[in-house]
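A.B. asks: Residue numbers (this note's numbering), protein chains in the order written: chain F, 1366 to 1553; chain Z, 9 to 187.
Ideal placement from N, C-alpha and C gives every residue a C-beta, glycine not left out.
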């Protein structure tokens, strides 16, 4: 019985390592869906389109359900621009600060490229599901400890290999909750 | 003029139901979001625009107030219909005598009517209306060229029952009262 148990663990652990290897290659993509932010004082909802060219170059577009602009955020290393729905432009070196300042929502954008695709490399905090995918973890953002839960995955094809990517992501810290419901991934 | 032709056409029908598909694209044709839902209108004051996919969201006018209900965050925002700033297209489509019409110039090409604001607000609208008054589609165009296109189908014409336009916030839903 010990060996069988050992074998199943290895295969889950091995699946997780293989999963991470494929995820590590996925750095250019578009993903859209809906985002809900539930804070102590405010609750907000919108639809998002995230376009990531590479780890440090991405755009986040937020729109209302009827399709009108809320904001567009462009991030590059050490430079971020936010355009609001009146086409007013704001700039900052720190993308997280800029987003918080304008939209009053604190999102851990600096590690977006990891948690969005369900990638993590913290063996202490990472919890893996039976299919070798990340089900939950936690990470630090400045002095905020975020916990991440991925409660649903969907299967896509990348370089004719099957890869599971998150369909529902929940990020929370203290009493702030961000829930992303992903409609579609487009992998490049 | 073209505005009067549009208003006359819209006023020919006292109400309708339609299924809509929504397709939002950036100026350079990048897909932003897609959705599906239902639209009920009883002129001149009542509409119920309910998106069903990917999430449920409703914008309902009960004749006095506009309710924006978002179950995903268990919240409804309510504002007085007269002061409603956003969702102007719904007001235009529903009430061809609404004073908001004064804030638009209308130019026509066959059955396609383009409404450009003269009050500095930042959205153009395009409404395609047949001579019978039936709306086939409408589009919201933003300053950056993003287009939110709504194609209407499976239409039934005629007034809709009033209970479609009544909204009572479910228990536990946060009410963001902007009146």
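Are residue 64(Z) and residue 182(Z) closer than 8 Å when you measure CB to CB?
C.D. replies: No.
A.B. asks: Starting from residue 26(Z), follow the alpha helix (DSSP H) in both directions and report where the run begins and ends.
C.D. replies: No alpha helix (DSSP H) holds residue 26(Z); the beta strand (DSSP E) holding it covers 23-33.
A.B. asks: Hey, does residue 179(Z) have any beta-carbon neighbour from chain F nearer than 8 Å?
C.D. replies: For residue 179(Z), the answer is no, since every Cβ of chain F falls outside 8 Å of its Cβ.
A.B. asks: Looking at the structure shown, is residue 118(Z) part of a helix, part of a strand, or coil, going by DSSP?
C.D. replies: Of the three classes helix, strand and coil, the one that applies to residue 118(Z) here is coil, per DSSP.
A.B. asks: Does residue 40(Z) have its Cβ less than 8 Å from a Cβ in chain F?
C.D. replies: At least one chain F Cβ lies under 8 Å of residue 40(Z).
A.B. asks: I need the DSSP call for residue 132(Z), collapsed to helix, strand or coil.
C.D. replies: Strand.
A.B. asks: For the region 52-123 of chain Z, list the alpha helix (DSSP H) runs that are entirely contained and at least 4 residues long, ordered along the chain.
C.D. replies: Counting whole runs of 4 or more residues, the region 52-123 of chain Z contains the alpha helix (DSSP H) stretches 96-102.
A.B. asks: First and last residue of the alpha helix (DSSP H) that includes residue 10(Z)?
C.D. replies: First-last of the alpha helix (DSSP H) with residue 10(Z): 10-19.
A.B. asks: Is there a Cβ of chain Z sitting closer than 8 Å to that of residue 1366(F), yes or no?
C.D. replies: Residue placement at residue 1366(F) cannot be trusted, given a pLDDT of 49 that sits under 50; the coordinates are not used to answer.
A.B. asks: Using a cut-off of 7 Å between C-beta atoms, extract the partners of residue 1426(F) located in chain Z.
C.D. replies: Near residue 1426(F) (Cβ distances below 7 Å), the residues of chain Z are 40.
A.B. asks: Could one say the Cβ of residue 1524(F) lies closer than 8 Å to chain Z's Cβ atoms, at least one of them?
C.D. replies: No - not a single Cβ of chain Z is within 8 Å of the one on residue 1524(F).
A.B. asks: Please state if the CB of residue 136(Z) and the CB of residue 129(Z) are separated by a distance shorter than 8 Å.
C.D. replies: Not closer than 8 Å, so no.
A.B. asks: Counting only beta-carbon atoms, is residue 1401(F) nearer than 8 Å to chain Z?
C.D. replies: So, interface residue.
A.B. asks: For residue 1434(F), which three-state DSSP category applies?
C.D. replies: In this structure, residue 1434(F) counts as strand in the three-state DSSP scheme.
A.B. asks: Which one of 1429(F), 1460(F), 1437(F) and 1435(F) has the shortest CA to CA distance from residue 1444(F)?
C.D. replies: Answer by Cα proximity: 1460(F).
A.B. asks: Quickly, what does DSSP pair residue 1494(F) with across the bridge? List them, please.
C.D. replies: Answer is none; residue 1494(F) lacks a bridge partner.
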